[in-house]
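Colleague:
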Amino acid sequence: MPSKVRVKVAAGIVEGWDSGIRRVSSRRVPRSGCAPAKEIGMGHIVIAGGTGFIGKHITEQARRQGHEVVILSRSNRTASEGIRYAQWDGETLGEWAQHLEGAHGVINLSGASIASPWRGNYVQKLYDSRVKPTTAIAQAIAAAKNPPHAWANSSGIGIYGEGGNATLSEASPIGTGPIADLATAWEEATRVAGELPCSVALMRTSMVLGPDGGAFPPMARAAKFGAGGPFGDGQFWQAWIHVEDLARMYLFALDHQLDGPVVASAPSADRNADFMAALRAAVNAPFGLPAPAFALRAMCNLMHWPEDFLTQSQRAVPEIAKARGFVWAYPQIRAAMRACASS
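Structural data, given as structure tokens:
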């Protein structure tokens, strides 16, 4: 496989990894005894990171459900129908915090891309871009007089580390390694202000597929040039989710006050070989050259990524979402890939 094409495929997969009007009850609700969703009226939703790929889909879905959306942005932006913007620096409390008062929910998607090279101080940027905004939101919620009904904070399934063939759920132990350490620090930042007066869902997100962002576009382009084969032996597990399902799952977490870890993925993971076969079928690629293990290691060295960055096996299963009745629009990889290719 040509090195440039291999870079595009790898970057696409990594980018995909990286990458719900109700009135809230005015009483403070402890995390151990959250009010049931049926008690919650219409209210606005505050989204940090709402202008990115995932954030745009969540915003669109929230608007369809009748919510007004407030997006926390580092730059001044003009309001549009049903969407307002509040400027913040992602670190300190300020006027933006007033938008959390009486909110139906808060969603935090802030974080620098893990698909970029981890050279120099970029590792510190990965931490700061996640931990600092999360800390600021936790402090704002703790200080709110009329706190939001729920908070859904982004995380990643990389928190489990190398999982092999084991099934990974919300109850599985946290793993080890650079990616697991990053996700752990991200989740721990939600606790810096102590017990909060709302539910806190830690959305352990898998690879995200969508026609307009995430892993699919660069992978599809590479597959059309014959670079859509398996990574290594193709037997490691890949958890994934279509962006429309992910957007609805974030809002579902707010509506149902999900608390604690939530695996945000399709109902089941797929072997990498099957995942790549579904990609080739979706884009009508007749064959796909495999990426040998030595080439993947070379790629990781070039990008300063952990050695197993591209082949870490995570057979994640969203037990909480299943148990609470979430319904996927794209539960199978082939249907999800076809939807991305046809949009």
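In short: position in the sequence shown from 1, add 556, done, that's the working numbering.
By construction, the Cβ of each residue, glycine as well, lies at the ideal position given by its N, Cα and C atoms.
1. Which ranges would you report for the beta strand (DSSP E) in the stretch 654-687 if only whole runs of at least 3 residues count?
2. Among A834, H860 and F831, which one has its Cα closest to the Cα of I735?
3. For the alpha helix (DSSP H) containing I876, name the first residue and the last one.
4. Could you give the distance in angstroms between the alpha-carbon of G733 and the alpha-carbon of G717?
5. For R578, does the three-state DSSP call read helix, strand or coil?
6. In whole angstroms, what is the alpha-carbon distance linking S629 and A668?
7. If you reduce the DSSP assignment to three classes, tell me which class S588 lands in.
8. Between which two residues does the beta strand (DSSP E) containing T648 stretch?
9. Just curious, the alpha helix (DSSP H) that H613 is in, first and last residue?
10. Work out the CA separation of R640 and P652 for me, nearest whole Å.
11. Measuring alpha carbon to alpha carbon, tell me which of R836, I797 and L810 ends up nearest H623.
12. For V819, which of helix, strand or coil comes out of DSSP?
13. For A591 and Q813, what's the separation of their Cα atoms in angstroms?
14. Output needed for A700: all residues of its chain with C-beta closer than 7 Å, excluding positions within five of it in sequence on either side, in chain order.
Modeller: The short version:
1. 661-664
2. H860
3. E875 to A879
4. Rounded to the nearest angstrom, the two C-alpha atoms are 6 Å apart.
5. For R578, the predicted structure reports a pLDDT of 31, less than 50, and the residue's modelled location is therefore unreliable. A value from the coordinates is still provided. Reduced to three states, the DSSP call for R578 is strand.
6. 14 Å
7. Reliability fails at S588, whose pLDDT of 31 lies under 50, so the model's placement of it is uncertain and the value that follows must be treated cautiously. Helix at S588.
8. Counting along the chain, T648 falls outside any beta strand (DSSP E), and DSSP gives it neither H nor E.
9. F609 to R620
10. First, the amino acid is wrong: residue 652 is Trp here, not Pro. Approximately 11 Å, taken between the alpha carbons.
11. L810
12. strand
13. Note that A591 has pLDDT 33, beneath the 50 cutoff, so the model's placement of it is unreliable and no number is given.
14. L656 and E657
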